[in-house]
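Numbering (this note's numbering), first residue to last: 336 to 414.
For each residue, glycine too, the CB sits at the ideal point set by N, CA and C.
Computed from a predicted structure; not experimentally measured.
One structure is given below, encoded as structure tokens.
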Amino acid sequence: KLAAKVGRTLPVIIDEVGEPDEEDGSIGATGRSQADAPEIDGHVYLRDVPQGLEPGSFVDVLVEDADEHDLYGVIAGQA
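Listed below in structure tokens is the structure:
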């Protein structure tokens with residue numbers, strides 16, 4: 336079911352923003368699509384998010400991969 340979302344762009348609310356990686360400075364974030372409930376449904380894991388992204392922000396995410404429960408992607412336009 337989630338695999339059908341690969342290649343699509345979805346609106347995502349950001350729940351958590353990570354610390355910059357010590358090696359390359361990249362920042363990851365975790366969010367959920369509008370249809371997903373916190374702590375119940377799967378997550379959307381983002382890589383290479385811009386510094387200053389805040390929890391509660393809405394971003395459009397290009398879904399690059401999916402597994403049984405979660406989606407993985409980047410903010411649209413940054414791929």
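Exercise. Helix or strand or just coil, what does DSSP make of residue 401?
Worked result: As a working note, residue 401 is residue 66 in the sequence shown. Residue state, collapsed to three classes: strand.
Exercise. What number of angstroms, rounded off, separates the C-alpha of residue 398 from the C-alpha of residue 411?
Worked result: What you label residue 398 is simply residue 63 of the sequence shown in a count that begins at 1. What you label residue 411 is simply residue 76 of the sequence shown in a count that begins at 1. Those two C-alpha atoms are separated by around 9 Å.
Problem set entry | residue 348 versus residue 409: straight-line alpha-carbon distance, rounded | The residue given as residue 348 occupies position 13 in the sequence shown. The residue given as residue 409 occupies position 74 in the sequence shown. Whole-angstrom Cα-Cα distance: 13 Å.
Problem set entry | Burial state of residue 360 (16 or more Cβ within 10 Å) | Here residue 360 corresponds to residue number 25 of the sequence shown, with the count starting at 1. Result: exposed.
For this session: Please go through the region 356–382 and give each complete beta strand (DSSP E) segment of 3 or more residues, from N-terminal end onward.
Result: 364–368 and 379–381
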